[in-house]
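Here is the structure we will look at, set down as structure tokens.
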Amino acid sequence: MSRETDAESPQSQGSTSSQAHGTGGSQSQGGFTQPQGPLSQLTSSSSTGTAPTSSQSSHSSSGTLSSLETVSTQELCSIPEDQEPEEPVPAPWARLWALQDGFSNLDCVNDSYWFGRDKSCEYCFDEPLLKRTDKYRTYSKKHFRIFREMGPKNSYIAYIEDHSGNGTFVNTELVGKGKCRPLSNNSEIALSLCRNKGKFIVI
1 MSRETDAESP QSQGSTSSQA HGTGGSQSQG GFTQPQGPLS QLTSSSSTGT
51 APTSSQSSHS SSGTLSSLET VSTQELCSIP EDQEPEEPVP APWARLWALQ
101 DGFSNLDCVN DSYWFGRDKS CEYCFDEPLL KRTDKYRTYS KKHFRIFREM
151 GPKNSYIAYI EDHSGNGTFV NTELVGKGKC RPLSNNSEIA LSLCRNKGKF
201 IVI
């Protein structure tokens with residue numbers, strides 16, 4: 001009886017030793033799956049430091065969009081090629097210099113001008129100072145017309161045409177109602193009377 005007990009005792013011890021050895025291996029495997037110590041901390045800190053945060057990515061992206069928007073706004077503010085060039089002012093083909101108060105000077109740019117008391121005239125005798133003069137009633141609603149026509153050698157010739165009841169004079173000579181005559185430089189135009197101060201000089 002004592003020998004059987006002694007024989008079973010080593011088996012029991014071997015089993016206990018084997019279980020203890022097996023338990024130690026399990027702990028070793030668990031150490032690889034969940035590492036601890038300096039290596040674990042280094043790996044964790046390296047992973048945390050290299051991965052950009054969502055707020056940093058959003059800030060960088062936001063800065064790029066802001067820069068693009070600024071460039072676009074600057075381009076829209078400067079478009080000199082779209083500005084329309086100013087049309088040149090045509091040079092006058094004749095100038096009338098007034099010799100009496102109430103009349104004004106005129107640069108002739110159009111091909112034809114009507115002069116008179118009628119408001120439809122391009123040159124209307126409607127100045128208050130002129131209306132107070134004694135001669136104002138002697139001026140016709142459409143007193144005369146100045147115009148130009150193409151002459152020989154492709155050059156223009158200026159004319160005056162009388163439409164008044166009291167006469168239009170050029171260099172003290174009556175033109176005559178319904179008639180016209182050419183104008184030249186320094187011609188003097190008088191209204192109603194040849195000596196009237198209501199004159200123009202063609203220059």
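Quick note: the sequence shown, position 117, residue 117 per UniProt numbering, numbers continuous.
Note that CB positions come from ideal geometry on N, CA and C, so glycine has one too.
Quick caveat: nothing in here was measured; it's all calculated off a predicted structure.
Taking the alpha-carbon positions, what's the residue 183 to residue 126 distance? 25 Å
Assuming the contact rule is C-beta atoms closer than 8 Å, residue 108 and residue 88 should be a hit. Round their C-beta distance to whole Å, please. With a Cβ gap of about 17 Å, residue 108 and residue 88 do not count as contacting.
Output the distance between the C-alpha atoms of residue 174 and residue 196, rounded to the nearest integer angstrom. 13 Å
Complete runs of the alpha helix (DSSP H) confined to the segment 106 to 185 [at least 4 residues]: 128 to 131
Residue 193 versus residue 110 - alpha carbon distance: 27 Å
List the residues that DSSP assigns as beta-bridge partners of residue 96. 106, 202
In this structure, does DSSP put residue 91 in helix, strand or coil? coil
Residue 191 lies in the beta strand (DSSP E); which residues open and close that run? 188 to 191
Would you mind working out which of 135, 112, 95 sits nearest residue 146, comparing C-alpha positions? 112
Inter-residue spacing [alpha-carbon to alpha-carbon] between residue 178 and residue 106: 23 Å
Based on Cα-Cα distance, which residue from 85, 129, 115 lies nearest to residue 163? 115
Use the C-beta contact count for residue 157: other C-beta atoms within 10 angstroms, 16 or more gives buried, fewer gives exposed. exposed
Within its chain, find whatever has a CB closer than 8 Å to the CB of residue 171; leave out the 5 residues flanking it on each side and keep chain order. 187, 188
On a CA-only basis, which of 201, 103, 150 is nearest residue 130? Give me that one, please. 103
Would the beta-carbon of residue 191 fall within 9 Å of that of residue 141? no
Mark residue 167 as exposed unless 16 or more other C-beta atoms lie within 10 angstroms of its C-beta, in which case mark it buried. buried
Report the rounded CA-to-CA distance for residue 123 versus residue 176, giving the unit in angstroms. 20 Å
Top-ranked residue by Cα proximity to residue 169, from 149, 120, 86, 201: 201
Please check the pair residue 139 and residue 149, which I expect to be a contact at CB under 8 Å, by giving their CB distance rounded to whole angstroms. With a Cβ gap of about 26 Å, residue 139 and residue 149 do not count as contacting.
6 Å Cβ shell around residue 101 - same chain, five flanking residues per side excluded: 129
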